[in-house]
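Numbering (mature numbering (1 follows the signal peptide of the UniProt record, and there is no 0)), first residue to last: -22 to -1, 1 to 86.
The beta-carbon is built from N, C-alpha and C at its ideal position, and this holds for glycine as well.
Contents: one structure, followed by commentary.
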């Protein structure tokens, strides 16, 4: 049987984790769009707020996407090509073992 102090501790950890998650992932809502714009100035202000909103939120997404394209595919493709001896886009167990054995022989 689990004691009440352990249950309380587990619930406290869950609540604190949820609170931390909610605190650091608080994304502001986009600016409210009026039903219709009465003046050019209202449209201009709305577009400025919308631009600020997208420039703040869009930065991380664009950066993450460019980092993934620069780093991950090339290293994964190089590794995949190394093990795919017959270039059929499938790494069989024999191909994998052959590469490992040839690498072990080069080390010794």
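| Item | Value |
| --- | --- |
| Separation of residue -21 from residue 13, as counted between CA atoms | 57 Å |
| Inter-residue Cα distance where the pair is residue 69 and residue 59 | 9 Å |
| Integer Cβ distance of residue 9 from residue -17, believed to fall under 8 Å | With a Cβ gap of about 47 Å, residue 9 and residue -17 do not count as contacting. |
| For residue 79, the three-state DSSP class (helix, strand or coil) | helix |
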